[in-house]
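Let me begin by presenting the structure, written as C-alpha cells, before commenting on it.
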Amino acid sequence: MVFSNLHKYKDEGLLILRLGMGTMMMYHGAPKIFGGVAAWAKVGAAMKFVGITFAPEFWGFMAAVSEFIGGLMIVLGLGTRLAALFLTITMGVAAAMKFGTGAGLFGASQALENGIVYLSLIIAGPGIYSLDEKLFSPRNMVRTQPSGH
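Numbering (my numbering), first residue to last: 4 to 152.
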C-alpha cells in the first residue's frame, strides 16, 4: 500500500540516481583528470587486464574523462546514454583489474555495482528532468506549419 503509487515518481527517481551517481563519479574522476600524465599512466595500466598494453597514458586519460566529464554529463542529463556507455566500459575495466590483482568479487564489487547502474541508465534513459529531454525529446520540438503556398 505504501509503495503502490510510487510508479508515478519514476522520473524523480531517475533524477536522484543521476545526481548521486554522477556527482560521485566526478568526485572519483577529479584527482585522475587533474593528476596529469603520471596519474593517467597509473590508471591506464589497468588496461593490461583486458589485454591492452600500449599507451597507458592515453587510456588513463580516457578513463579520467569518462569519470569526470561523464559524471557531469550524467548529472546534467546531457548525452546521458553515451556517458553511461563509457562509464559502463570504464567500470568493466576497473572490475577486470580488481579480479586480475586477486581482489576477487569483494574487491571488484563497487565497480560491478556502478557498471550495473550505468548499464541501467543506458536502458532507462535520463528521465524527463534532464537536458536530453529538454533539448532532444520529440515532445519538446517546435513544429512548424507549412506556409500554405
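Cβ atoms here follow ideal geometry from the backbone N, Cα and C, with glycine treated the same way.
Out of the options, which one is the CA nearest neighbour of residue i?
| i | options | result |
| --- | --- | --- |
| A127 | F64, T26, I77 and F109 | I77 |
| G39 | Y30, V68, L75 and I125 | V68 |
| M29 | A66, G107, E116 and A41 | A66 |
| I19 | L134, P129 and L138 | P129 |
| A33 | L75, G16 and P59 | L75 |
| V96 | Y12, A114 and S133 | A114 |
| L17 | H31, R84 and E60 | R84 |
Would you grab the beta carbon distance between residue i and residue j for me? Rounded to a whole angstrom, and I think it's under 8 angstroms.
| i | j | result |
| --- | --- | --- |
| I118 | A98 | Inspection of the sequence shows that residue 118 is occupied by Gly rather than by Ile. At roughly 7 angstroms, the Cβ-Cβ gap stays under 8 angstroms, so G118 and A98 are in contact. |
| K101 | E70 | The pair is not a contact, with the Cβ atoms about 16 angstroms apart (cut-off 8 angstroms). |
| G103 | F52 | 4 angstroms |
| E136 | G80 | 7 angstroms |
| D14 | I131 | 5 angstroms |
| W43 | F57 | Actually they are not in contact, since the Cβ atoms of W43 and F57 sit about 14 angstroms apart, beyond 8 angstroms. |
Would the beta-carbon of residue i be found less than 7 angstroms away from any heavy atom of the ligand NAD?
| i | result |
| --- | --- |
| A98 | In the structure on display, the ligand NAD does not appear, and there are no ligands present to speak of. |
Answer yes or no: does any C-beta atom of chain B fall closer than 8 angstroms to that of residue i?
| i | result |
| --- | --- |
| G39 | The structure shown has no chain B; it contains just one protein chain. |
When you compare the stretch 131-143 with the stretch 89-98, are there three or more beta-carbon pairs, one atom per stretch, that lie closer than 8 angstroms? Under the 8 angstroms Cβ criterion, the stretch 131-143 does not count as touching the stretch 89-98, having fewer than three qualifying pairs.
Would you be able to state if there are at least three C-beta pairs under 8 angstroms between the stretch 106-121 and the stretch 20-35? Because the criterion of three Cβ pairs below 8 angstroms is met, the stretch 20-35 and the stretch 106-121 touch.
- request: Check whether the stretch 47-66 touches the stretch 4-20, counting contact only when three or more Cβ pairs, one atom from each stretch, lie closer than 8 angstroms.
  value: No: fewer than three Cβ pairs fall under 8 angstroms.
Next item on the list: Could you pull out every unbroken alpha helix (DSSP H) segment of at least 4 residues lying fully inside the stretch 7-80, listed in chain order?
Entry: The stretch 7-80 contains these whole alpha helix (DSSP H) runs: 13-36, 39-47 and 59-79.
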